[in-house]
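Below is one structure, written out as structure tokens; comments come after it.
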Amino acid sequence: MTEHLEQDVTVHLLTNITQDDQTEQFDFDLPGRLVIVNGNVYLRYVEDDNGQPTPVTFKLNGQNDVTLTRSGENGLKLHFLTGKAVTTQYRTPYGTMAVEVATSGLSVRLSDDLSAGRIAVDYQLLAGEQLIGDYQIRLHFTA
3 MTEHLEQDVT VHLLTNITQD DQTEQFDFDL PGRLVIVNGN VYLRYVEDDN GQPTPVTFKL
63 NGQNDVTLTR SGENGLKLHF LTGKAVTTQY RTPYGTMAVE VATSGLSVRL SDDLSAGRIA
123 VDYQLLAGEQ LIGDYQIRLH FTA
């Protein structure tokens with residue numbers, strides 16, 4: 003794999019969130035940047051979170067291992083491992099709380115020349131034993 007590469011990409015992001023039997027869908031096309039450093043693949047873009055720019059980074063650690071980091075006022079780092087639950091900290095303006103991310107599905111597909119790729123993640127967020135919500139991320143990027 004390339005040791006260092008940076009290229010502009012277009013990110014298409016579709017997210018479904020189900021909480022308390024209500025589903026919301028978010029569909030965005032955003033400018034992004036694909037960065038490869040020492041064999042590590044990062045996809046970066048900025049979301050608008052209620053008027054606040056929120057930097058987002060996906061680190062692709064392989065087919066069954068992806069990390070999603072959302073910076074900003076509500077900081078969150080989710081580690082997706084197929085079939086596993088991982089505890090993390092969710093930072094809010096009211097304090098930090100422990101949440102568990104349980105990944106039920108994860109797929110990463112990259113073109114050989116890294117000009118395009120797809121990430122699909124299905125997961126649940128839990129606080130203690132309480133379900134916060136079911137989430138689906140479908141992301142596609144092209145150079």
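All the letters of the sequence shown, read from the start, carry residue numbers 3 to 145 under our numbering. Note that beta-carbon positions come from the ideal geometry of N, C-alpha and C, so glycine has one too. All values derive from a computational prediction rather than experimental measurement.
Minimum Cα-Cα distance from P95 among the listed residues L127, N76, L112 corresponds to N76. In the structure shown, the three-state DSSP call for N18 is strand.
In this model, F143 and V48 are separated by some 14 Å (Cα to Cα). Selection G119, A100, S113, Q21 evaluated against Y137 yields Q21 as nearest (Cα-Cα). The Cβ neighbour count for G97, taken over all protein chains shown within 10 Å, is under 16; the residue is labelled exposed. Across the set Y125, Q91, L112, the C-alpha of Y125 shows the shortest separation from the C-alpha of S106.
Every beta strand (DSSP E) stretch that sits fully inside the stretch 53-82 and reaches 3 residues is listed by chain position as 54-62, 67-72.
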